[in-house]
């Protein structure tokens, strides 16, 4: 009976969410808790980017803390083309292959949950390519996506996904190292209901070293994603909101050239400082500067701390930030996290190759961290435990077999991210904090 009631609840949520007009979007998040990167207590998450063909597949991962019924919805061309329903006993993380549902190229989706807290993510895999990202669980009137570039050998796409029945319309503004870039085709972009639009920014604005995008909703709702291709590899990141502090527990995973892209979409200048956290300690204010209103900066952070390291960005006002790392063949990118927490979800962790957990302890006490791998059936293996000294990061590599998520708990608040490496490709992804837990 409980299972039947849960299924009825999911069905009802699906009808309400995707048959009725889009909800009123929230104002652009300007606090230290952008809703797109916090474990959802709402009914769904939206995954704007997924791709499948004969060589590449994308897995949608739904991670829950409790027992849950799940629904994956695939709208195409104004209609709901496919739905897939599954159940899992929590804590668990179920992975659904896009190739087994729709093998048609780009295919965004919506993931619905019957319990909370929960989180969704995507993992894209293929020969020479791996990418991962969190699926946002909130809507916004303005989205901020710094970190793009369109240099030779790079392809940059902006995806706008509208999962609702109402049409949507947005104004897309782009700034580069030359300042604001007027593009008439982006002044008013329409996205019909239950569909998406892919905008090739590398065609519209080629040979730009850095591009920052803001999406201002004029009607309806979309969820955006940036997709950067370099060589055979690919990086994906979604909206990050704005905050006055960003943590990046992994900046340099070894062998890449990391850059921190910061955008200030406000009208007043913002001062910033960047702290480095390594396996040996903390260095405060390694980089600092002032970012004028409606401008951006991209900082080369390679080698600013010893060995592998993470970063904390502190600003005097709300900014958006993305960490990009590449070497001409591999490319990775991720939003940071804006809160420290004692419980974290990592949907997608362990799906392929070597997955590494990155923990950043910016506190003043040693914290004990426990973690456990998950799949659709629940926990895999034993609970593992590590200690992280104050003011340091710790990298914990694993080679899981059949895992699709990780749950992390700590004795004191921490920041968490993860990386995945396979076949010469690499992905960065942020963890999802379970706030209030």
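In our numbering, the protein residues as written are 464 to 900. We put the CB at the ideal spot given by N, CA and C, even for glycine. Nothing here was measured: the structure is a model prediction, and the numbers come from that model.
Check: So what's residue 716 in DSSP terms, helix, strand or just coil?
Finding: Along the chain shown, read from residue 1 onward, the residue named residue 716 stands at position 253. Coil, per DSSP.
Notebook entry, point to check: Helix, strand or coil: how does DSSP classify residue 666 here?
Noted result: As a first step, residue 666 must be located in the chain shown, where it is residue number 203. Helix at residue 666.
Next item on the list: Using the Cα positions of residue 684 and residue 531, report the straight-line distance between them to the nearest angstrom.
Entry: Looking up residue 684 in the chain shown gives position 221. Looking up residue 531 in the chain shown gives position 68. Rounded to whole angstroms, residue 684 to residue 531 spans 27 angstroms at the Cα level.
Checklist line | For residue 651, the first and last residue of its enclosing beta strand (DSSP E) | finding: Translated into positions along the chain shown, residue 651 becomes position 188. In the DSSP assignment, residue 651 falls outside any beta strand (DSSP E), carrying neither H nor E.
Next item on the list: Would you grab the beta carbon distance between residue 723 and residue 776 for me? Rounded to a whole angstrom, and I think it's under 8 angstroms.
Entry: Within the chain shown, residue 723 is the residue found at index 260, counting from 1. Within the chain shown, residue 776 is the residue found at index 313, counting from 1. With a Cβ gap of about 7 angstroms, residue 723 and residue 776 count as contacting.
Checklist line | For residue 559, the residue or residues it bridges with in DSSP | finding: Locating residue 559 in the chain shown gives position 96, where the first residue counts as 1. According to DSSP, residue 559 shares a beta bridge with 523.
Item checked: Contact check, residue 591 vs residue 886, beta carbons under 8 angstroms -> In the chain shown, counting from the first residue as 1, residue 591 sits at position 128. In the chain shown, counting from the first residue as 1, residue 886 sits at position 423. In contact: residue 591 and residue 886 (Cβ atoms closer than 8 angstroms).
Margin query: Is residue 630 close to the ligand NAD? I mean its beta-carbon at under 7 angstroms from any heavy atom of the ligand.
Written below: By its list of ligands, the structure shown contains no ligand whatsoever, and the ligand NAD lies outside what it can speak to.
Next item on the list: Could you please give me the residues that DSSP links to residue 868 through a beta bridge?
Entry: As a first step, residue 868 is located in the chain shown; it is residue number 405 there, counting from the start. The partner list for residue 868 (beta bridge, DSSP) reads 810, 837.
Notebook entry, point to check: Between which two residues does the beta strand (DSSP E) harbouring residue 617 extend?
Noted result: Counting from one through the chain shown, the residue named residue 617 turns up at place 154. For residue 617, the enclosing beta strand (DSSP E) covers residues 617-625.
Check: Roughly how many angstroms separate the alpha carbons of residue 880 and residue 803, rounded to a whole number?
Finding: Position 417 of the chain shown, counted from the first residue, corresponds to residue 880. Position 340 of the chain shown, counted from the first residue, corresponds to residue 803. C-alpha separation (whole angstroms): 12 angstroms.
Item checked: Best match in 751, 522, 576 for proximity to residue 594 [C-alpha to C-alpha] -> Against the chain shown, residue 594 aligns to sequence position 131. With distances taken between Cα atoms, residue 594 lies closest to 522.
Item checked: Cβ of residue 693 within 8 angstroms of any chain E Cβ -> As a matter of chain content, chain E is missing from the structure shown, which is built from one protein chain.
Checklist line | For residue 645 and residue 870, the rounded distance between their alpha carbons | finding: In the chain shown, counting from the first residue as 1, residue 870 sits at position 407. In the chain shown, counting from the first residue as 1, residue 645 sits at position 182. Rounded to whole angstroms, residue 870 to residue 645 spans 44 angstroms at the Cα level.
Checklist line | Candidates 709, 665, 671, 670: closest to residue 690 by CA position | finding: The sequence position of residue 690 within the chain shown is 227, counting from 1. Checked all of 709, 665, 671, 670; the closest Cα to residue 690 is 665.
Notebook entry, point to check: Since residue 565 is in the beta strand (DSSP E), which residue starts that stretch and which ends it?
Noted result: Taking the chain shown and counting its residues from 1, the one referred to as residue 565 is at position 102. No beta strand (DSSP E) contains residue 565, which DSSP labels as neither H nor E.
Check: For residue 748, which three-state DSSP category applies?
Finding: Locating residue 748 in the chain shown gives position 285, where the first residue counts as 1. Here residue 748 sits in strand by DSSP.
Notebook entry, point to check: If you draw a straight line from the alpha carbon of residue 726 to that of residue 845, how long is it in whole angstroms?
Noted result: Locating residue 726 in the chain shown gives position 263, counting from the first residue. Locating residue 845 in the chain shown gives position 382, counting from the first residue. Straight across, the Cα-Cα distance linking residue 726 with residue 845 is about 42 angstroms.
Note to self: Let's test the definition: count the other Cβ atoms within 10 Å of the Cβ of residue 744 and tell me whether it reaches 16, buried, or not, exposed.
What the structure shows: Sequence index remark: in the chain shown, residue 744 carries index 281 (1-based). Exposed, because fewer than 16 other Cβ atoms sit within 10 Å of the Cβ of residue 744.
Next item on the list: Determine the contact status of residue 709 and residue 801, defining contact as a CB-CB distance below 8 angstroms.
Entry: Here residue 709 refers to the residue found at position 246 when the chain shown is read from its first residue. Here residue 801 refers to the residue found at position 338 when the chain shown is read from its first residue. Going by beta carbons, residue 709 and residue 801 fall inside the 8 angstroms limit.
Next item on the list: Identify every residue that forms a DSSP beta bridge with residue 660.
Entry: Mapped onto the chain shown, residue 660 falls at position 197. Under the DSSP definition of a beta bridge, residue 660 partners with 623.
Checklist line | Residues that DSSP places opposite residue 825 in a beta bridge | finding: Start at 1 with the first residue of the chain shown, and residue 825 comes out as number 362. Residue 825 pairs with nothing; no bridge assigned.
Note to self: For the region 556-564 against the region 509-523, do three or more pairs of beta-carbon atoms, one drawn from each stretch, fall closer than 8 angstroms, so that the two count as touching?
What the structure shows: The region 556-564 is in contact with the region 509-523.
Check: Using the C-alpha atoms, what's the distance from residue 774 back to residue 567?
Finding: Residue 567 sits at position 104 when you count from the first residue of the chain shown. Residue 774 sits at position 311 when you count from the first residue of the chain shown. Roughly 38 angstroms separates the two Cα atoms.
Note to self: Taking DSSP's pairing of strands, which residues face residue 598 in a bridge?
What the structure shows: Counting from one through the chain shown, the residue named residue 598 turns up at place 135. Bridge partners of residue 598: none, in fact.
Check: By Cβ distance, which residues of its chain are closer than 6 angstroms to residue 848, with the 5 residues on each side in sequence left out?
Finding: Counting from one through the chain shown, the residue named residue 848 turns up at place 385. Excluding five sequence positions before and after residue 848, the CB atoms of its chain that fall closer than 6 angstroms to its own CB belong to 833, given in chain order.
Notebook entry, point to check: Using CA coordinates, which residue listed in 706, 617, 660, 680 is at the minimum distance from residue 693?
Noted result: In the chain shown, counting from the first residue as 1, residue 693 sits at position 230. It is 617 whose Cα lies nearest to the Cα of residue 693.
Checklist line | Other residues of its chain near residue 508: CB distance less than 6 angstroms, five sequence neighbours each side excluded | finding: In the chain shown, the residue the question calls residue 508 occupies position 45. Correct list, in chain order: 574, 583, 598, 600.
Notebook entry, point to check: Cβ atoms of residue 839 and residue 572: under 8 angstroms apart, would you say?
Noted result: Start at 1 with the first residue of the chain shown, and residue 572 comes out as number 109. Start at 1 with the first residue of the chain shown, and residue 839 comes out as number 376. In this structure, residue 839 does not lie closer than 8 angstroms to residue 572 by Cβ.
Next item on the list: Using three-state DSSP, classify residue 881 as helix, strand or coil.
Entry: Position 418 of the chain shown, counted from the first residue, corresponds to residue 881. Residue 881 falls in the strand class under three-state DSSP.
Item checked: Outcome for residue 494 when other beta-carbon atoms lying within 10 angstroms are tallied against a minimum of 16 -> The count along the chain shown starts at 1 and reaches residue 494 at position 31. Since pLDDT at residue 494 reaches only 36, below the 50 mark, its modelled position is unreliable, and no value is offered.
Check: Three or more C-beta pairs closer than 8 angstroms, one from the region 535-548 and one from the region 851-866: is that the case here?
Finding: Flag = no, the region 535-548 and the region 851-866 do not touch.
Margin query: Using the three-state DSSP reduction, which class does residue 633 fall into: helix, strand or coil?
Written below: Your numbering for residue 633 matches position 170 in the chain shown. The answer is strand: DSSP assigns residue 633 an E or B state.
Notebook entry, point to check: Buried or exposed: which applies to residue 865, given that a residue is buried once 16 or more other Cβ atoms fall within 10 Å of its Cβ?
Noted result: Within the chain shown, residue 865 is the residue found at index 402, counting from 1. Counting every other CB atom within 10 Å of its CB across the protein chains shown gives residue 865 a total below 16, marking it as exposed.
Notebook entry, point to check: Does DSSP classify residue 551 as helix, strand or coil?
Noted result: Numbered from its first residue, the chain shown carries residue 551 at position 88. Strand, per DSSP.
Check: Of the choices 569, 581, 731, whose alpha-carbon is the least far from that of residue 807?
Finding: In the chain shown, the residue the question calls residue 807 occupies position 344. Nearest neighbour of residue 807 by Cα position, chosen from 569, 581, 731, turns out to be 581.
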